[in-house]
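A.B. asks: Structure in structure tokens, see below.
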Amino acid sequence: MIYHHIALNTILPPLTYAHDTALPLGSRVLVNLRGKPQIGVVWANHVQPEIDVNKILPILKIFDHEPTLPENWRELIDFTARYYHYPIGQTVFTALPSLLKEPRPIESPESPVFYTLNDLGKQQTPPPKNHAKKLQLWQALFSGCLDMATLKKIHPKAIDLINEYKKLDWLSICTATTPSIPPSQHILNAEQTEVSNTIQSHLHEYQPFLLHGITGSGKTEVYFDVMATVLAQGKQVLFLLPEINLTPQLLARVAQRFPDVPTAVLHSQTATGARGRDYLRAMLGHAKLVIGTRLAVFTPILDLGLIVVDEEHDNSFNQDNELRYHARDLAVWRARQVACPIVLGSATPSLESWHKAQIGAYQLLTLSHRANAIAKLPEIELVDVRRMRLDNGFSPQVLNLLKQNHQNGGLSLVYLNRRGFAPALFCGDCGHTFGCPNCSAKLVLHQRARQLRCHHCDFRQPIPHACEECGNQDLTAVGQGTQRIEETLKNFLPLAKIVRVDRDSMHKKTDWAHLYDQIHAQQVDILIGTQMLAKGHDFPNLNLVVVLNADGSLFSSDFRAPERLFAELMQVSGRAGRAEKAGRVLIQTQLPEHEIFHAIRAQNFAQFATQELAQREMFGLPPFGFQAAVRADALKMSDAVDFLNEIRDVIAPMLPENVSQMGAVPMLMARLAERERAQIFIESMNRVALHRALSLWEQVLAQHRDNRIRWHIDVDCQEM
């Protein structure tokens with residue numbers, strides 16, 4: 042018998058199973074685990090058993106007609122499990138699509154077939170000019186090698202014509218070809234051309250680039266120019282973006298720029314079957330362009346030639362449950378693994394990436410002008426509201442400007458990072474506010490649904506008729522949410538066409554496409570939105586942006602809060618004035634003298650980054666030091682805190698000298714889904730030493746199992 046290590050969806054390391062022949066690494070198999078059949082992946086063969094061979098179970102079934110998961114993919118999974126201190130089997134099954142987790146065989150997608158005229162076919166007389174579509178098809182076959190999907194776009198009866206030409210023996214058929222890339226309809230400006238040429242001079246080596254381009258500078262056209270060269274060489278491109286809602290807009294531009302390039306789309310709203318098929322198409326090299334959100338970073342790609350991470354600063358690239366990983370950082374590792382360039386693009390880069398560019402680890406590229414020569418950066422004004430009486434969050438100046446812009450036919454955006462009608466329901470008699478019974482958070486009032494909702498655990502209850510503490514029936518909504526802002530503006534501007542954009546209103550696949558159609562048809566006067574509207578969208582007619590309640594983040598104890606606020610405000614400001622109309626941005630604030638607003642008003646990222654990095658260096662915070670959190674949750678906070686502190690004390694004598702660990706404290710969101718949450722921070726100026734300490738924590742945690750307590754390790758933690 043040959044013994045194999047099989048990776049299974051469990052916290053256990055790969056388990057040993059037997060088979061009479063050696064199985065290829067990366068094969069899917071079916072094994073028995075605790076009396077139940079389970080899918081596994083062959084992780085090692087010809088292993089030396091460490092237990093009695095009579096206790097080793099046989100492999101039940103081998104899916105030997107399927108393609109195996111490639112070696113470089115397994116190396117990626119190995120690295121991810123080690124770096125993020127997560128069980129390797131669970132890492133494997135996080136990275137696999139649902140289709141490959143099911144205990145049944147899968148059909149591998151067939152290699153696409155391409156057609157072109159052979160020598161005999163080229164000697165024939167072309168169709169007459171009055172058969173225009175048939176002639177176009179003939180000319181396409183004469184000059185290139187095309188698949189059936191492309192041929193159908195030229196002639197709806199392409200299948201019949203191809204079958205006819207086959208019978209006449211006029212065709213050559215092949216199963217692999219380099220996609221044809223049409224010339225771009227967009228002419229790059231001098232700055233874009235220089236950036237593109239710099240990236241293309243490193244196409245066959247590992248080179249990380251940080252592309253710092255102001256909003257509207259045409260970063261996407263630079264990506265496309267480099268991608269065109271890579272795709273024309275027959276290589277594949279991985280394009281990562283932070284949000285699902287950015288995908289339809291990008292896909293429309295991709296289809297226009299690369300109409301004949303086979304593309305795989307991978308994100309959480311892709312249907313299970315389609316996602317699995319696209320995953321396999323990428324792995325087999327059939328899909329040349331792979332577009333997706335953070336989980337797409339795990340897609341096995343046969344011949345990777347370029348990685349692009351758009352809006353690289355965005356926190357959506359960070360996975361904050363189960364396998365806690367950062368897709369941007371794994372993308373950089375993948376680029377080094379296969380020796381290809383990676384482009385990290387943003388108008389407001391993460392301070393980690395900016396610091397690496399400053400010390401030379403990344404090459405900094407800059408786009409300092411808007412791509413549209415007529416478009417200018419918006420004018421940003423601060424509205425000091427400290428002594429103003431606000432109308433449901435609006436200052437008189439802002440309301441007047443919204444009214445004027447509507448009368449002049451402009452498009453306005455009102456930005457508020459709070460959905461719902463109001464953040465809280467308040468009793469004016471006794472001061473009671475309605476909190477979530479499961480979380481340490483207030484319930485948000487959703488007026489139209491007649492509900493109070495928790496935006497963390499999704500607990501819902503009907504709006505109460507009276508205060509549960511004193512019985513007072515005169516309850517007050519405190520604060521503003523997008524629904525309340527919408528109601529206020531509809532009363533103030535009854536003739537304006539107002540659209541609210543948040544997770545409550547945009548939950549269908551077709552909602553974004555419908556919104557774009559409305560905006561381009563000039564059927565919208567005012568957009569009201571949250572972070573969903575702050576990045577990546579291009580609304581040419583948008584010329585006024587209003588930001589309400591911009592100060593909340595400045596009171597946070599999270600050291601990353603200023604960075605996130607700066608990025609948020611710069612990104613939303615960048616939606617204005619992207620075409621011929623001049624843009625104007627008003628930010629309401631009670632802290633107009635704060636240094637962050639000076640940098641925002643100057644629209645100077647370098648100024649903000651220099652100030653913020655100086656403060657972080659002073660305290661040894663990332664990117665100058667390295668940080669991880671060990672977290673535990675239990676029904677009682679004291680149990681979680683005691684559990685972490687006990688293990689801290691066990692580890693303390695073994696801890697490397699250059700690693701420090703704090704005492705256990707409650708998390709900022711101390712209660713979530715009926716569980717109390719505590720954490721210990723582990724810090725070091727040396728990354729290797731930090732991981733040695735985390736390995737000690739892993740070993741001791743595994744020996745101190747307590748069914749009442751759940752724990753996890755969060756490396757390079759983004760959440761406080």
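Numbering (this note's numbering), first residue to last: 42 to 761. Yeah, the Cβ is synthetic: ideal placement off N, Cα and C, and Gly gets one too.
(1) Could you tell me which of Gln564, Ala681 and Phe183 sits nearest to proline 168, measuring between CA atoms?
(2) Using a 10 Å radius around the Cβ and a threshold of 16 neighbouring Cβ atoms, would you call valine 424 buried or exposed?
(3) The alpha helix (DSSP H) spanning isoleucine 118 covers which residue range?
(4) Could you check if valine 439 is buried or exposed, using at least 16 other CB atoms within 10 Å of its CB as the buried criterion?
(5) Check each candidate in His354, Phe358, Leu345 and Ile342 and name the one with the smallest Cα separation from leucine 336.
(6) Taking 8 Å as the cut-off, does the region 117-127 touch the region 293-303 (at least 3 CB pairs, one atom from each stretch)?
(7) State the CB to CB distance for the pair serine 225 and phenylalanine 265, rounded to an integer number of angstroms; the pair is presumed to be in contact (CB under 8 Å).
(8) Mapping DSSP to helix, strand and coil, what is isoleucine 526?
(9) Under a Cβ-count criterion, where at least 16 other Cβ atoms within 10 Å of its own Cβ denotes burial, should cysteine 381 be classed as buried or exposed?
(10) Within 8 Å (strictly less), CB to CB, does tyrosine 44 reach chain B?
(11) How should lysine 483 be labelled, buried or exposed, when 16 other C-beta atoms within 10 angstroms of its C-beta is the threshold for buried?
(12) Which ranges would you report for the alpha helix (DSSP H) in the region 372-399 if only whole runs of at least 4 residues count?
(13) Buried or exposed: where does cysteine 471 fall if 16 or more other Cβ atoms within 10 Å of its Cβ makes it buried?
(14) Determine the DSSP secondary structure at valine 88, reduced to helix, strand or coil.
(15) Whole-angstrom Cβ separation of glutamine 629 and serine 436, contact assumed at under 8 Å?
(16) Closer than 7 Å by C-beta to histidine 745: which residues in its own chain qualify, once you throw out the five before and the five after it? Chain order, please.
(17) Given that a residue counts as buried once 16 or more other Cβ atoms are within 10 Å of its Cβ, and exposed if not, what is glutamine 502?
(18) Exposed or buried, alanine 402, counting other C-beta atoms within 10 Å across all chains shown (16 or more means buried)?
(19) With H, G and I counted as helix, E and B as strand and the rest as coil, what does DSSP make of tyrosine 456?
(20) According to DSSP, which residues form a beta bridge with aspartate 432?
(21) Does DSSP classify tyrosine 44 as helix, strand or coil?
(22) Looking only at C-alpha atoms, which of Asn159, Met710, His45 and Gly317 sits nearest to isoleucine 214?
(23) Considering only the alpha carbon of each residue, which of Leu202, His46 and Gln572 lies closest to asparagine 86?
(24) If I'm right that methionine 726 touches glycine 661 with Cβ under 8 Å, what's the distance once you round it to whole angstroms?
(25) Buried or exposed: which applies to serine 68, given that a residue is buried once 16 or more other Cβ atoms fall within 10 Å of its Cβ?
(26) In or out: proline 90 buried (at least 16 other Cβ within 10 Å) or exposed?
(27) According to DSSP, which residues form a beta bridge with aspartate 425?
(28) Quick check on the DSSP output: the alpha helix (DSSP H) that includes phenylalanine 600 runs from which residue to which?
(29) Measuring only the C-alpha atoms, how far is proline 283 from glycine 162?
(30) Starting from proline 289, trace the alpha helix (DSSP H) in both directions and tell me its first and last residue.
(31) Excluding sequence positions up to five away, which residues of its chain have a Cβ less than 6 Å from the Cβ of aspartate 351?
(32) Mind checking arginine 369: buried by the 16 CB within 10 Å criterion, or exposed?
(33) Given this structure, state the Cα-to-Cα distance separating methionine 710 from aspartate 683, to the nearest angstrom.
(34) From what residue to what residue does the alpha helix (DSSP H) around aspartate 552 run?
(35) For glutamate 422 and leucine 534, I'd like the C-alpha separation in whole angstroms.
(36) Using only CA atoms, which one of Tyr156, Asn171 and His196 lies nearest to aspartate 210?
C.D. replies: For this structure:
(1) Comparing Cα-Cα distances from proline 168 to each of Gln564, Ala681 and Phe183, the minimum goes to Phe183.
(2) With 16 or more other CB atoms across the displayed protein chains lying within 10 angstroms of its CB, valine 424 is buried.
(3) Per DSSP, isoleucine 118 is one residue of the alpha helix (DSSP H) stretching across 112-124.
(4) The residue is buried, with at least 16 neighbouring Cβ atoms inside 10 Å.
(5) Comparing Cα-Cα distances from leucine 336 to each of His354, Phe358, Leu345 and Ile342, the minimum goes to Phe358.
(6) Of all C-beta pairs linking the region 293-303 to the region 117-127, fewer than three are shorter than 8 Å, placing the two stretches out of contact.
(7) The pair is a contact, with the Cβ atoms about 7 Å apart (cut-off 8 Å).
(8) Helix.
(9) A residue is called buried once 16 or more other Cβ atoms fall within 10 Å of its Cβ, and cysteine 381 is buried on that count.
(10) Among the protein chains of the structure shown there is no chain B, as only one such chain exists.
(11) Per the 10 Å Cβ criterion, buried.
(12) The alpha helix (DSSP H) runs of length 4 or more contained entirely in the region 372-399 are, from start to end of the chain, 392-399.
(13) Label assigned to cysteine 471: exposed.
(14) In this structure, valine 88 counts as coil in the three-state DSSP scheme.
(15) Here glutamine 629 really is in contact with serine 436; their C-beta atoms are around 6 Å apart, less than 8 Å.
(16) Around histidine 745: Ile688.
(17) Burial is judged here by how many other beta carbons sit within 10 angstroms of a residue's own beta carbon; glutamine 502 has fewer than 16 and is exposed.
(18) Label assigned to alanine 402: exposed.
(19) Looking at tyrosine 456 - three-state DSSP - the assignment turns out to be strand.
(20) Per DSSP, Phe435.
(21) Three-state result, tyrosine 44: strand.
(22) Closest option to isoleucine 214, Cα to Cα, is Asn159.
(23) Residue His46 is the option with its Cα nearest to asparagine 86.
(24) With a Cβ gap of about 6 Å, methionine 726 and glycine 661 count as contacting.
(25) Buried, by the Cβ-count rule.
(26) With a threshold of 16 other beta carbon atoms within 10 Å, proline 90 falls short and is exposed.
(27) DSSP lists Thr630 as the bridge partner or partners of aspartate 425.
(28) No alpha helix (DSSP H) contains phenylalanine 600, which DSSP labels as neither H nor E.
(29) Between proline 283 and glycine 162, the C-alpha separation is close to 48 Å.
(30) Segment 288-298, the alpha helix (DSSP H) holding proline 289.
(31) Cβ neighbours of aspartate 351 within its own chain (closer than 6 Å, five residues either side excluded): Leu282 and Gly386.
(32) Looking at its Cβ environment, which holds 16 or more other Cβ atoms inside 10 Å, arginine 369 is buried.
(33) C-alpha separation (whole angstroms): 18 Å.
(34) Here the alpha helix (DSSP H) through aspartate 552 covers 552-561.
(35) Cα to Cα, the separation comes out at about 23 Å.
(36) Distance check between aspartate 210 and each of Tyr156, Asn171 and His196 places Tyr156 closest, using alpha-carbon atoms only.
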